[in-house]
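Those protein sequence lines, which keep their order, are chains A and B.
First residue of the first sequence: 23, per the working numbering; consecutive thereafter.
First residue of the second sequence: 50, per the working numbering; consecutive thereafter.
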Amino acid sequence: MANKPDDALEEVSQTTELSPELIQFKTLLESTFIDVELAFVMTDQIPSVVVPKESLHDLCVFLKTNSVYDSKMLSCMAGVDYVDYCQILYILYSVENNCTIGIKCNVEYDCKIQTVSDIWKAADWYEREIHDLYGIEFEGHEDMSPLLLYDGFEGHPGKRDFPFYNYEEY
Amino acid sequence: MMQDQQDNQTIDMMLNMGPQHPSTHGVFRMELRIDGEKIIDVKPHIGYLHRGSEKLSEGEQYHQIITLFDRMDYLANFNNELVYCMAVERLLDMEPSKRTEYIRVILCELNRIASHLLYVGTIGLDAGAMTPALFSFIGRDRIQTLFESISGARMMHNYFKIGGLKQEVPDDFVRMVKDIMPVIRRDIDQTEKLLTFNEIFLSRTKDIGVITAEQAIDYGLTGPCLRGSGINYDVRKSEPYSVYQDFDFDVPVGLDGDCWDRHWVRVKEMHESLRIIEQAIDKLPDGDVASPLGRRLIRPSEGEVYVKAENPRGEIGVYLVSDGTDKPYRLKVRPPSFCNLSAIQLLLQNSWVADSVVILGSLDIVLGEVDR
């Protein structure tokens, strides 16, 4: 399971038949971000890009201002613990063009990732939630105080190795 | 002279609102910084109802998670069950029968009306009107009695199953639904006469808590809160799921994005829901509603899905990752109330303390869903 996203990447790059939406998405991003190593996958029916964390912020700004995708709304942000690293999924939506796209970013647990709360206000609480559950630090976020957990909670309950079923009196 | 100036200076006061406060609609706390009656800043605190539903579901089998979804948005149980069932069905690449889908839509729309009727009652209470709550609960009670006769529970139904329904609806289901339609319609009209165009209510809600369309999109607002700001976005129309493409209905859209517009959109939505139910009841097909899976253990193949649906409160999204075992690897819910509530800081700044209750009420949050 730990290597699952990488396997999925290889599969997609091997098969030649990509969906038209993904090809369009790929052509646009590859022509803009020439030096960046990008991978393209389908998340269910959503064309998605796997981006290194250094270029995440630039890519988000580009997709928000781009006329084709016009991703003014950050619809969802989810963290997934793949044991070795944490994958953060951004689902962007354009109300005008009615199209959904995804961004995936793999972060090691001891690394920091740049915040997108300056691009979308909605990211503010989502990032605090991911910080609570997975302990990912978001660089540039104004307030990283616990949102869902209480002050002084130890550990990150979203992680796979969190002892969830061992109850403790509080 | 210096002494006089110091005496005349006002200092900001901290006011704690919640978590045990009847107008915060649950266990929600706001730290208000006020200057007299004016709110200068607000710091929202959530998480009092955090039960770790997402983490809990990583240890439960696919059939068992439906009950957890019931308890997230506890005012729209059927809508929540539907979106989870759709996610697993897409993971399994299966389609429920037409009859199942129609019954699901009827129940979801009834649930939407029940949820909005509760909203109409509570916004009345928040603005200082007692009577609308009493009227709106008549219709809500009739709907819940119908739910009880179908599923055995007034709330937390656990009725939708993956690929089907728990059991066939009672024989007189169509008659029961047709019977309560005029009751609901009367209640909506009555509350509308009492509240929506009431002069006192208008002065309490018009131009209060204004959020522009750009701000609403930036904060990720969905549902009536976004439509109140003039954006025509409804998942049932933009990406029709289940059998919503079979029905003819309109999406009411507000103008100014104030509390009254959000209220008006919800009231109009109830009429549209009634239209959908009428069409669905007329076209209700025959067939089987039992799931082909039965009670068998489900082991979907590896994969991930993102499914969204329109809840009474807005767009709910479910991101489900399967690793091929009988339990999900990760389940993430995008709750509509969570995003809607995150705009509270913007809405409350520079408003009056008395209006804070109405503004919070107009967002129509459910804390069970915000905290999960």
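Glycine is no exception: its CB is placed at the ideal position from the N, C-alpha and C atoms.
Which of the three DSSP states, helix, strand or coil, is assigned to residue i?
| i | result |
| --- | --- |
| Y378 (chain B) | strand |
| D331 (chain B) | helix |
| V367 (chain B) | strand |
| W401 (chain B) | strand |
| E418 (chain B) | helix |
| S116 (chain A) | strand |
| I172 (chain B) | helix |
| N25 (chain A) | Confidence in N25 (chain A) is poor, its pLDDT being 48 and thus under 50, which makes the residue's placement too unreliable to answer from. |
| E150 (chain B) | helix |
| R78 (chain B) | strand |
| C157 (chain B) | helix |
| R315 (chain B) | helix |
| L390 (chain B) | helix |
| I237 (chain B) | helix |
| I123 (chain A) | strand |
| H94 (chain B) | strand |
| E130 (chain A) | strand |
| Q136 (chain A) | strand |
| F160 (chain A) | strand |
| E359 (chain B) | strand |
| E263 (chain B) | helix |
| E217 (chain B) | coil |
| M66 (chain B) | strand |
| G410 (chain B) | helix |
| I60 (chain B) | coil |
Is the shortest distance between the beta-carbon of residue i and the beta-carbons of chain B less than 8 Å?
| i | result |
| --- | --- |
| M95 (chain A) | yes |
| G157 (chain A) | no |
| N120 (chain A) | yes |
| Y180 (chain A) | First, the amino acid is wrong: residue 180 (chain A) is Gly here, not Tyr. Yes, G180 (chain A) counts as interfacial toward chain B. |
| Y91 (chain A) | no |
| A61 (chain A) | no |
| V65 (chain A) | Just to set this straight, residue 65 (chain A) is Thr in the shown sequence, not Val. Closer than 8 Å to some Cβ of chain B, the Cβ of T65 (chain A) qualifies, so yes. |
| L111 (chain A) | yes |
| I68 (chain A) | yes |
| C127 (chain A) | no |
| K143 (chain A) | yes |
| Y131 (chain A) | no |
| D146 (chain A) | yes |
| F186 (chain A) | yes |
| L171 (chain A) | yes |
| V72 (chain A) | no |
| C98 (chain A) | yes |
With distances taken from CA atoms, which of the options is nearest residue i?
| i | options | result |
| --- | --- | --- |
| L51 (chain A) | A:K143, A:V105, A:Q67 and A:S77 | A:S77 |
| V370 (chain B) | B:D295, B:S350 and B:D256 | B:S350 |
| L64 (chain B) | B:I83, B:K376 and B:V76 | B:I83 |
| G170 (chain B) | B:A392, B:R315, B:G108 and B:H94 | B:R315 |
| D372 (chain B) | B:G363, B:V354, B:I365 and B:R362 | B:V354 |
| V58 (chain A) | A:I45, A:K75, A:Y172 and A:L44 | A:K75 |
| D183 (chain A) | B:S400, B:Y97 and B:G108 | B:G108 |
| M319 (chain B) | B:L81, B:M230 and B:G352 | B:M230 |
Any beta carbon from chain A within less than 8 Å of residue i's own beta carbon?
| i | result |
| --- | --- |
| S391 (chain B) | yes |
| D310 (chain B) | no |
| M143 (chain B) | no |
| I164 (chain B) | For the sequence presented, residue 164 (chain B) should be read as Ser rather than Ile. Cβ-Cβ to chain A under 8 Å: no for S164 (chain B). |
| F387 (chain B) | yes |
| D267 (chain B) | yes |
| I114 (chain B) | no |
| Y282 (chain B) | yes |
| S287 (chain B) | yes |
| I95 (chain B) | yes |
| D420 (chain B) | yes |
Is residue i near residue j, with beta carbons less than 8 Å apart?
| i | j | result |
| --- | --- | --- |
| R148 (chain B) | P341 (chain B) | no |
| I211 (chain B) | I162 (chain B) | no |
| F186 (chain B) | L156 (chain B) | no |
| V338 (chain B) | I152 (chain B) | yes |
| Y148 (chain A) | H178 (chain A) | no |
| Q394 (chain B) | V137 (chain B) | no |
| H269 (chain B) | S116 (chain A) | The residue asked about is misnamed: residue 269 (chain B) is Gly in this sequence, not His. It is not a contact, given that the beta carbons lie outside the stated cut-off. |
| I257 (chain B) | D404 (chain B) | yes |
| E150 (chain B) | S291 (chain B) | yes |
| V90 (chain A) | L81 (chain A) | no |
| I88 (chain B) | V402 (chain B) | yes |
| K94 (chain A) | I326 (chain B) | no |
| R276 (chain B) | V300 (chain B) | yes |
| M121 (chain B) | N129 (chain B) | yes |
Under 7 Å: does the beta carbon of residue i sit that close to some heavy atom of the ligand SAH?
| i | result |
| --- | --- |
| K87 (chain B) | The ligand SAH is not part of this structure, which contains no ligands at all. |
Using the beta-carbon of each residue, which ones in chain E are nearer than 7 Å to residue i?
| i | result |
| --- | --- |
| V102 (chain A) | Reference to chain E is not applicable here, since the protein chains of this structure are A and B. |
* Which runs of the beta strand (DSSP E) fall wholly inside the segment 31-113 of chain A and span at least 3 residues, in chain order? -> 61-65, 68-72 and 95-103
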